[in-house]
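Student:
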Amino acid sequence: MPYITLISDWQQGDYYLAAVKGKLYSLVPSLTLIDITHQVMPFNSKMAAFILRNSYRAYPKGTIHIICVNTLPEQNCPYVAVLHKGQYFLGADNGIFSLITDNKIEQAVHLEYSAYTTFPEYDILAEAAAFLANGGDIHQLGEPYQPVAMQQILPSFHENTIRGLIIYVDSYGNLISNISKEYFFQKKNEPYFEIALDWGYYRINTLSERYESNKNGAPTALFNSLGLLEITIFMGSASKTLKVHEGDEITVRFLKEKPTQGTKSSLF
């Protein structure tokens with residue numbers, strides 16, 4: 053039984069999702085169709101890449117992922133089918149494939165189509181996905197192709213300070229950074245540390261293991277299931293409370309002496 057997933061920036065009320073699903077079921081009646089999410093921010097390929105990068109491994113070998121985000125037809129952004137670790141990814145080559153795979157793509161082909169379309173998800177991507185789901189070979193979809201290479205934004209370290217970015221804000225308002233647990237402890241050269249967000253009016257100097265470790269409404273720092281440094285507020289939104297968003301800076305400063313936790317403001 054073939055599996056096809058869909059991820060999009062389509063919002064409720066649009067007909068696009070219903071049309072694509074209908075076409076897929078018509079072409080592959082036996083398929084299992086899975087919605088990863090349709091709440092990606094419009095045109096935000098990086099957000100879609102983060103979600104897919106951290107979820108595709110849970111799916112069976114041979115799963116086909118259709119990426120319906122930022123697929124506007126452009127001359128230098130063709131539609132592509134990619135094979136990576138036994139799974140297929142279909143979408144526009146706007147850099148998203150390299151972000152999902154760390155530029156370790158096994159095979160890729162340019163999806164050939166004969167006419168311009170304003171609905172490529174329906175006319176091109178669904179057709180290609182159905183072909184693969186019905187047992188087709190990826191090489192029959194088009195000529196070999198080298199997708200655009202785009203590097204992950206990595207944290208930096210200088211003068212006892214890690215500088216990173218908030219790369220994802222989840223539906224609870226938790227702030228997920230690009231600072232990994234491995235990188236944190238690799239660079240930790242002093243006994244104490246201080247975590248600051250963006251303009252830094254609130255600082256954290258302890259790491260917790262659980263989301264509910266701090267129930268007084270103050271921000272908590274922990275390494276999440278992805279091994280990434282995350283800032284959270286129990287039963288609240290760290291993003292809204294701290295006014296921090298995707299793309300904002302997060303710093304970790306390593307110190308010889310223990311700092312004072314908290315903020316001078318009256319927020320908490």
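Residue numbers (our numbering): 53 to 320.
Here a beta-carbon is modelled for each residue, glycine too, at the ideal position from N, C-alpha and C.
(1) Beta carbon of L307: closer than 7 angstroms to some heavy atom of the ligand FMN?
(2) My output table needs one value for Y224: the three-state DSSP class, helix, strand or coil.
(3) Could you say if the region 200-220 and the region 255-271 meet the contact criterion of at least three C-beta pairs nearer than 8 angstroms?
(4) Quick check: is the beta carbon of L184 nearer than 8 angstroms to any beta carbon in chain B?
(5) How about the region 184-204 and the region 235-250: do they share at least three Cβ pairs that are nearer than 8 angstroms?
(6) Any idea what DSSP makes of Q198, helix, strand or coil?
(7) Would you grab the beta carbon distance between E242 and F149 for me? Rounded to a whole angstrom, and I think it's under 8 angstroms.
(8) Of the residues T258, H117, I302, G288, which one's Cα is nearest the Cα of G269?
(9) Please list the segments of the beta strand (DSSP E) lying wholly inside the region 153-197, counting only runs of 3 or more residues, in order along the chain.
(10) Do you know whose CA, among T84, V92, D300, lies nearest I205's CA?
(11) Taking A181 as the reference, which of A70, L163, A167, Y168 has the closest Cα?
(12) Taking 8 angstroms as the threshold (C-beta atoms), are G147 and S97 in contact?
(13) Let me know the beta strand (DSSP E) ranges lying completely inside the region 103-138, each 3 residues or longer, listed in chain order.
(14) Alpha carbon to alpha carbon, how far is I103 from H90?
(15) Considering Cα atoms alone, identify which of Q159, E158, E173 is closest to Y165.
(16) Taking S291 as part of the alpha helix (DSSP H), name the residues at either end of that continuous run.
Tutor: Considering the structure as presented:
(1) This structure lacks the ligand FMN; in fact it carries no ligand of any kind.
(2) If you number the sequence shown from 1, residue 224 lands on position 172. Here Y224 sits in coil by DSSP.
(3) no
(4) The structure shown has no chain B; it contains just one protein chain.
(5) no
(6) Stepping through the sequence shown from its first residue, residue 198 is reached at position 146. If DSSP states are grouped into helix, strand and coil, Q198 belongs with coil.
(7) Numbered from 1 along the sequence shown, position 190 holds the residue referred to as residue 242. Numbered from 1 along the sequence shown, position 97 holds the residue referred to as residue 149. About 39 angstroms; that fails the 8 angstroms criterion.
(8) Here residue 269 refers to the residue found at position 217 of the sequence shown. That would be G288, whose Cα lies nearest to the Cα of G269.
(9) 159-162
(10) The count along the sequence shown starts at 1 and reaches residue 205 at position 153. Cα-wise, what sits closest to I205 is D300.
(11) Counting from 1 along the sequence shown, the entry for residue 181 is found at position 129. It is L163.
(12) Here the question's residue 97 lines up with position 45 in the sequence shown. Here the question's residue 147 lines up with position 95 in the sequence shown. In this structure, G147 lies closer than 8 angstroms to S97 by Cβ.
(13) Inside the region 103-138, DSSP marks whole beta strand (DSSP E) runs of 3 or more residues at positions 116-120, 131-136, from first to last along the chain.
(14) Indexing the sequence shown from 1 puts residue 103 at position 51. Indexing the sequence shown from 1 puts residue 90 at position 38. So the alpha carbons of these two residues sit roughly 11 angstroms apart.
(15) By 1-based counting over the sequence shown, the position of residue 165 is 113. Nearest C-alpha to Y165: E173.
(16) As a first step, residue 291 is located in the sequence shown; it is residue number 239 there, counting from the start. Per DSSP, S291 belongs to the alpha helix (DSSP H) from 290-294.
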